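Note that this note's numbering has the sequence shown beginning at 852, numbered continuously upward.
Cβ atoms here follow ideal geometry from the backbone N, Cα and C, with glycine treated the same way.
Quantities reported herein were computed from a predicted structural model and do not represent experimental measurements.
Below is one structure, written out as structure tokens, with a few remarks after it.
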Amino acid sequence: MTTTSEPSSAVERRPIPLSVPCLDGREMEYVRECLETNWISSAGPFVTKFEAELAARIGVPHAVATSSGTAALHLALLAADVQRNDEVIVPTLTFIATANAVRYVGAWPVFVDAESKHWQIDVELVRRFLEEHCEMRDGRLVNCRTWRRVRAILPVHLLGHPADLEPLLELARRFSLTVIEDCAESLGAEYHSRPTGSWGIAGCFSFNGNKTFSTGGGGMLVTRDESLALRARHLSTQAKSGTDEYIHDDVGFNYRMPNILAAIGCAQLERFEILLDSKRQIAAHYRRALAGVPGLTFPIEALDVRSSNWLSTVRIDAAAFGSSSRQLREILRQASVESRPLWQPMHLSPAHRGAPHLLSGVAEQLYEDCLSLPSSADLADSSLRYVVDTIRGAAREDSRDGRSPPAQLRGAA
Ligand SMILES: Cc1ncc(COP(=O)(O)O)c(C=O)c1O
């Protein structure tokens, strides 16, 4: 959030994007250094520096920079030895990359619904699945419906708010499951005063263009487990075993991050607290400014967590607000403000239809009700006010000043 004040007419003409990178640190200087030294490819001093700095931030000894967050997830699943036809517990409310990575290794996602307070994976449903739908057979936990081995839990810290990790880790211990954290949206988030990414066997971050910290495209796998890190690094470099000859001991991948992108990442990390603080302020502003508008709510931040506030997302009760989330999206679009619904829940996605699932209906309702609002770290105050004013202007007339609609109107579609 920046305090530059722009005339409101200029703001109205310029589109306000959902989430774009904020590159006003030393990005240009570091990229120039790559060009001048010819270190632009998938090795170089910035890759090493970026890995060391991110590992230090998360508080783990190992980090492997990758070409994307999806690649980091794929490598984590491979290095954790998740096998073909294993099952992996995944929230149904997530970006599709989480579920795709599971399919890349030939395993199957088991989709679990969200809880309604913080919108994260519902730990009680996970417990129910493990206790009521699985049993131990020959020392392996199997899903009694599919007879496949249940091998891992892949929680996602959705929108930057940590999933409830302690009970999940407790279940994982009880049922001998591996936990890999999808931290694509949660760099900067903490659960019980420890960064997300430091709790599971591995954590996977994304530096895609829409993330708070962006390299244009890229990811990072972090872990305490040295052998997992070595395996992931090896697989990410085409499993090349010869030092100066092309000898490969496995089918690997070209998943390394180029030095030129790591250079951008190093510059982004120098502004870690500034960018996070901007996100915090934007989220706080939306909550404050829209608090009195009937029909609008935000997810509750859990006790003892710090969200990264990646995308501020509002839930719209169409009856109370007077417009549905999609109608509000159209109103915002006409005002040149970009907003976006949450992801279609994975159990509804044609790409993953037929996968096992445990549902309560929360994710489908959130998909229908929610809109993510402009949240770029350098969003100008005047743009933020304009978005808020546009939303308030869309509210039903009788509720704009914060009053509830008359009782007989509530529930009207
Ligand atoms: C939850 C989640 N997982 C995985 C990814 C994949 O990251 P990438 O786009 O860097 O491959 C993303 C975002 O892009 C994401 O939001």
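| Check | Outcome |
| --- | --- |
| Residues near ligand 1, CB to any non-hydrogen atom under 6 Å, in chain order? | S919, G920, T921, T945, F946, A948, T949, V1007, D1033, A1035, E1036, S1057, N1059, G1070 |
| Ordered along the chain, which non-local residues of its own chain (more than five positions away) have a Cβ less than 8 Å from that of P866? | S1187, V1188, E1189 |
| For A1231, name the three-state secondary structure that DSSP assigns. | strand |
| Determine, using beta-carbon pairs with one atom in the stretch 1031 to 1047 and one in the stretch 1151 to 1164, whether at least three such pairs fall under 8 Å. | yes |
| Please classify N1059 as buried or exposed, where buried requires at least 16 other C-beta atoms within 10 Å of its C-beta. | buried |
| When the Cα atoms are used, what is the spatial distance from V898 to Q1178? | 44 Å |
| What residues match up with L1072 in a beta bridge as DSSP calls it? | V915, C1055 |
| Can you check which of these residues, E1032, P1018, D1033, is closest to F1026 by C-alpha distance? | P1018 |
| Helix, strand or coil for E1189 per DSSP? | coil |
| Considering Cα atoms alone, identify which of S967, E938, Y1237, S919 is closest to G957. | E938 |
| Would you tell me roughly how many angstroms separate the C-alpha atoms of P1109 and R1084, rounded to the nearest one? | 14 Å |
| Under a Cβ-count criterion, where at least 16 other Cβ atoms within 10 Å of its own Cβ denotes burial, should V1102 be classed as buried or exposed? | exposed |
| Name the DSSP beta bridge partners of E986, please? | V993 |
| Can you tell me whether DSSP reads P1018 as helix, strand or coil? | helix |
| In chain order, which continuous runs of the alpha helix (DSSP H) of length 4 or greater are located wholly inside the stretch 1102 to 1128? | 1110 to 1121 |
| For G1112, which residues in the same chain have their Cβ closer than 8 Å to its Cβ, ignoring the five residues on either side in sequence? | Before going further, note that residue 1112 is Leu rather than Gly in the sequence given. If we look at L1112 and ignore the five residues flanking it on each side, its Cβ neighbours are F1058, T1066, G1067, G1068, G1069. |
| Report the partner residues of A1003 according to the DSSP bridge assignment. | V939, T1029 |
| Is the Cβ-Cβ distance between L1209 and V963 less than 8 Å? | yes |
| Report the residue from T997, L1016, W959 whose alpha carbon sits nearest the alpha carbon of I972. | L1016 |
| Is the distance from the Cβ of R1064 to the Cβ of Q1119 below 8 Å? | Here the sequence assigns Phe to residue 1064, which means Arg is not the residue at that position. Contact: yes. |
| For T1029, count neighbouring C-beta atoms within 10 Å of its own C-beta (all shown protein chains included) and say buried if the count is 16 or more, exposed if not. | buried |
| Per the contact definition of three or more C-beta pairs closer than 8 Å, is the stretch 1213 to 1231 in contact with the stretch 1166 to 1175? | yes |
| Assign K1091 to one of three DSSP states: helix, strand, or coil. | strand |
| Can you tell me whether V882 is helix, strand or coil according to DSSP? | helix |
| Under 8 Å, do S1175 and V871 count as touching if we go by C-beta distance? | no |
| As a quick exercise: from L1147, K1091, N951, A923, pick the residue whose alpha carbon is nearest that of I1242. | L1147 |
| Taking the C-alpha atoms as reference points, what is the distance between E902 and G1054? | 13 Å |
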